[in-house]
Amino acid sequence: DGGITQSPKYLFRKEGQNVTLSCEQNLNHDAMYWYRQDPGQGLRLIYYSQIVNDFQKGDIAEGYSVSREKKESFPLTVTSAQKNPTAFYLCASSKDRAHYEQYFGPGTRLTVT
Amino acid sequence: DAKTTQPTSMDCAEGRAANLPCNHSTISGNEYVYWYRQIHSQGPQYIIHGLKNNETNEMASLIITEDRKSSTLILPHATLRDTAVYYCIVRANSNDYKLSFGAGTTVTVRA
């Protein structure tokens with residue numbers, strides 16, 4: 774089955790540690806995205822990538838970093854500089870500029886204490 | 025991208041049609057209307073999108089007013105599994121792919 778996988782589903786970390794969230798897609802999509810969702814809120818865009826080896830900051834990129842070395846992978850690192858990292862993180866992909874439908878993974882719920 | 029306004033919540037009886045309104049009075053000519061939904065603790069799911077004409081697929085129908093300032097998503101026969109937050113998003117055919125998700129409408133389908 775084609776789709777987007779995120780792992781793990783739940784992640785716990787101590788404050789001050791960097792943590793990397795995995796996102797893999799086998800849909801052959803060019804574009805990939807990371808969103809953050811806080812309780813009762815909508816999604817906010819962290820980073821997006823339109824093509825391999827290229828990515829742009831979204832609305833709330835501070836304290837996060839990404840890489841796009843392969844078309845199918847777009848890992849997100851939550852650094853210790855992120856002041857409020859506890860959230861639900863969602864990865865998505867879309868085919869290309871002509872296709873605006875984004876397909877989402879199941880999400881990773883990160884808790885930092 | 026144009027801003028959208030949706031009711032915070034609405035209830036619907038199982039088996040009945042659910043009509044979800046969305047206002048986008050500042051929409052411009054090249055902006056599409058998209059609908060997504062998010063079931064609790066899952067990733068959002070694309071439902072439908074349109075520019076001017078009404079659209080229908082296996083999940084829902086999208087009715088866009090002639091002046092394009094508002095639209096309605098119709099779930100023809102709501103089931104309990106349709107309980108979710110529904111997001112109306114307006115987005116232009118621009119060089120980036122961003123979708124701006126607001127708070128959406130929490131739809132509760134009751135038996």
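Taken in sequence, the protein lines are chains A and B.
When we follow my numbering, the leftmost residue of the first sequence carries the number 774, and every step to the right adds one.
When we follow my numbering, the leftmost residue of the second sequence carries the number 25, and every step to the right adds one.
Idealized CB from N, CA, C, for every residue including glycine.
Under 9 Å from the C-beta of residue i: neighbouring residues of chain B
i	result
F877(A)	Y60, Q62, Q66, G67, P68, Q69 and Y70
G880(A)	S65, Q66 and G67
L818(A)	K122, L123, S124 and F125
Same chain, Cβ closer than 6 Å to residue i, five either side skipped, listed in chain order
i	result
V133(B)	C36, E38, A102, L104, D106 and T107
Y111(B)	Y60, F125 and G128
S838(A)	T850
K93(B)	S49
L794(A)	L849, Y862 and T881
N81(B)	I72
D832(A)	R817 and L818
S85(B)	I98
T29(B)	N47
Straight-line Cα distance separating residue j from residue i
i	j	result
I63(B)	Y70(B)	12 Å
S52(B)	F828(A)	27 Å
S867(A)	T89(B)	28 Å
T850(A)	I777(A)	18 Å
V109(B)	A834(A)	25 Å
G836(A)	K27(B)	27 Å
C874(A)	P858(A)	For clarity, residue 874(A) is Glu in the given sequence; the question names Cys instead. C-alpha separation (whole angstroms): 27 Å.
G74(B)	Y876(A)	17 Å
V792(A)	P848(A)	10 Å
N47(B)	D91(B)	11 Å
Q903(A)	S822(A)	Because residue 903(A) is not part of the residues shown, which for chain A are 774 to 886, the question remains open.
R40(B)	P31(B)	19 Å
P781(A)	D869(A)	27 Å
S65(B)	P100(B)	24 Å
G67(B)	F785(A)	20 Å
M83(B)	N801(A)	24 Å
Q798(A)	K844(A)	8 Å
Proximity of residue i and residue j at Cβ, strictly below 8 Å
i	j	result
Y56(B)	L123(B)	no
L863(A)	Q814(A)	no
Y808(A)	I819(A)	yes
V114(B)	A42(B)	no
Y806(A)	A865(A)	yes
N54(B)	A135(B)	no
Cutoff 8 Å; reference residue i; Cβ partners in own chain excluding five residues on either side
i	result
E788(A)	S853, V885 and T886
N826(A)	R841 and E842
M34(B)	A42, L44, T129, T130, V131 and T132
C796(A)	I777, T778, Q779, M805, W807, S846, F847, P848, L849, C864 and G878
Contacts that residue i makes with chain A (C-beta to C-beta distance below 9 Å)
i	result
Y110(B)	By Cβ distance, chain A contributes nothing, its closest Cβ being about 11 Å from Y110(B), past 9 Å.
K76(B)	Those within 9 Å of K76(B) in chain A number zero; the least Cβ separation is about 16 Å.
Interface partners of residue i on chain B, CB under 8 Å
i	result
Q814(A)	A127
E890(A)	It is not possible to answer for residue 890(A), since the shown part of chain A is limited to 774 through 886.
G831(A)	K122
L863(A)	G67 and P68
Within chain A, partners of residue i - CB distance below 7 Å
i	result
L123(B)	Q875
Close Cβ partners of residue i (< 7 Å) along its chain, the five nearest in sequence each way excluded
i	result
Q790(A)	S853
I87(B)	N78, S95, T96 and I98
K830(A)	Y820
A860(A)	R809, Q810, D811 and L883
Chain B residues whose Cβ lies nearer than 7 Å to that of residue i
i	result
G789(A)	The contacting residues do not exist; G789(A) stays about 27 Å from chain B at best.
Report the start-end ranges of each beta strand (DSSP E) in the stretch 96-124 of chain B that is 3 residues or longer and not cut off at the edges. 108-116
Completely contained beta strand (DSSP E) runs for the stretch 58-83 of chain B, where each covers 3 or more residues: Taking only runs of at least 3 residues, the beta strand (DSSP E) segments lying wholly in the stretch 58-83 of chain B are 69-74.
Of all the beta strand (DSSP E) runs that stay within the bounds of the stretch 827-863 of chain A, which reach a length of 3 or more residues? 827-830, 837-839 and 849-851
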